[in-house]
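Counting along the sequence shown from 1, when you hit position 65 you're at 224 in my numbering, and nothing is skipped either side. Ideal placement from N, C-alpha and C gives every residue a C-beta, glycine not left out. Small disclaimer: the values here were computed from a predicted structure and weren't measured. First up is the structure itself, then whatever we jot down about it.
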Amino acid sequence: MSQINRLRLKVADRRYSQLKKAILPDTSANPAQTNQSEAALRESESFYRQMFERNAAVKLVIEPSTARIIKANQAACDFYGYTPEQIASLRITDISTVSDSSLRTDIQRTLVDKGTTFEARHRLASGEIRDVKISSGILDVNKKQYLQAIIQDITEQKQAGKALRESETLYRLLAQHMPNSSVIMFDKDMRYTLAEGPFLKRLPFVTAIIIGKTPQETLPKQILSTILPINERVLQGESFSYEDITGNIASESYAAPLRDENGHVIGGIILSHDITERKRAQKAQRESETLYRTLVRNMPNSGVVVAPH
């Protein structure tokens with residue numbers, strides 16, 4: 160090696176030492192500081208390991224290029240029914256029911272958008288299919304990108320939604336063919352899912368009902384004090400009848416919870432019938448009876464018999 164090259168190496172070594180000293184703490188003369196740094200690193204690793212492995216949420220780490228599951232926490236093993244060794248040998252394509260091309264599209268979208276949320280159907284080890292909601296993001300490890308997916312089981316929600324839609328179809332047909340009647344349905348969040356029937360046109364507040372909205376979002380405050388307690392009782396599983404007078408309109412209603420096949424409350428229904436004419440007839444009869452009684456009291460040696468209707 161020439162004298163010039165040896166000189167260049169010495170200069171380069173000196174510059175490297177200066178740069179290293181500037182950006183890295185010197186722990187050679189302080190073993191305690193080295194131990195502290197290593198302890199902090201171990202503590203950080205333990206913290207993140209526990210966040211992943213001991214978390215109750217189902218979590219998977221996926222290699223985008225191969226769709227291979229490289230890490231799964233215990234919650235994921237319990238949910239899918241695999242041992243850690245078994246699930247680590249799978250690809251996400253072995254679990255998802257969609258085609259490989261559709262799954263690749265979802266992976267690519269996650270990479271481009273730096274995370275996304277979507278619904279899918281996953282197959283368990285038992286062969287059972289579950290509806291899931293997937294929230295995915297990106298992990299950067301050693302200059303390589305991985306997908307972290309948080310899986311939420313929404314099967315019961317899907318089933319409840321299906322049962323509610325089937326009930327809506329049935330009661331919509333019922334309401335449309337029942338004169339002077341109406342049907343109002345709402346889900347567990349009190350969001351209206353159905354409002355049908357000829358009687359609705361006579362109720363002024365019902366015109367404010369918007370499908371997908373709650374009473375608080377649509378109805379006047381003076382109505383809420385009546386509506387909310389009824390809905391709350393229904394969602395608690397209670398069935399009952401009641402009468403109501405709004406302005407000059409009288410109604411008789413039956414309120415009841417809607418349940419799924421497992422008996423869980425998924426919403427409520429209120430069937431109402433216009434009884435305004437009946438109430439008017441009853442009032443007219445009472446007034447007529449009062450009038451005749453007055454006449455009897457003022458007519459000596461007379462009597463009146465009122466025949467029941």
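{"Query": "As assigned by DSSP and simplified to three states, the class of Arg452", "Result": "helix"}
{"Query": "For His432, the residue or residues it bridges with in DSSP", "Result": "Ser340 and Glu411"}
{"Query": "Backbone CA spacing between Asp348 and Ser326 [nearest angstrom]", "Result": "17 angstroms"}
{"Query": "Counted within 10 angstroms of its Cβ, other Cβ atoms place Ser134 as buried (16 or more) or exposed", "Result": "No information on residue 134 is available, as it lies outside the stretch 160 to 468 that the chain covers here."}
{"Query": "Neighbourhood of Thr435 by C-beta, 6 angstroms cutoff - its chain only, sequence neighbours within 5 removed", "Result": "Ile408 and Ala409"}
{"Query": "Residues near Asn214 in its chain [Cβ-Cβ closer than 8 angstroms; skip 5 each side]", "Result": "Asn232 and Ala234"}
{"Query": "Reduced DSSP secondary structure (H/G/I, E/B, other) of Lys180", "Result": "Note that Lys180 scores 45 on pLDDT, short of 50, meaning its location in the model is unreliable; the coordinates nonetheless yield the value given after this. Three-state result, Lys180: helix."}
{"Query": "DSSP three-state assignment for Gly371, whether helix, strand or coil", "Result": "coil"}
{"Query": "Residue span of the beta strand (DSSP E) that contains Lys218, given as start and end", "Result": "Val217 to Glu222"}
{"Query": "Anticipated Cβ contact below 8 angstroms, Arg469 with Thr225, distance rounded", "Result": "With the chain covering 160 to 468 only, the question about residue 469 has no answer from this structure."}
{"Query": "Nearest-angstrom Cα separation, counted from Glu212 out to Ala181", "Result": "The predicted position of Ala181 is uncertain, since its pLDDT is 41 and thus under 50; no value can be drawn from it."}
{"Query": "beta-carbon Ala234 near the ligand GDP non-hydrogen atom, thresh 7 angstroms", "Result": "With respect to small molecules bound, the structure shown includes none, and the ligand GDP cannot be examined in it."}
{"Query": "Nonlocal neighbours in the same chain, by C-beta distance under 8 angstroms from Ile288, ignoring five residues either side", "Result": "Thr256, Arg280, His281 and Arg282"}
{"Query": "Cβ pair count under 8 angstroms reaching 3, the segment 351-360 against the segment 422-437", "Result": "yes"}
{"Query": "Local Cβ density within 10 Å of Leu454, reported as buried at 16 or more and exposed below that", "Result": "exposed"}
{"Query": "With 16 other Cβ atoms within 10 Å as the buried cut-off, status of Ala443", "Result": "exposed"}
{"Query": "Opening and closing residue of the beta strand (DSSP E) in which Tyr401 lies", "Result": "Phe399 to Thr405"}
{"Query": "Distance, Leu333 Cα to Gln311 Cα", "Result": "36 angstroms"}
{"Query": "DSSP bridge partner residues for Gln307 (one or two, in chain order)", "Result": "Val220 and Gly296"}
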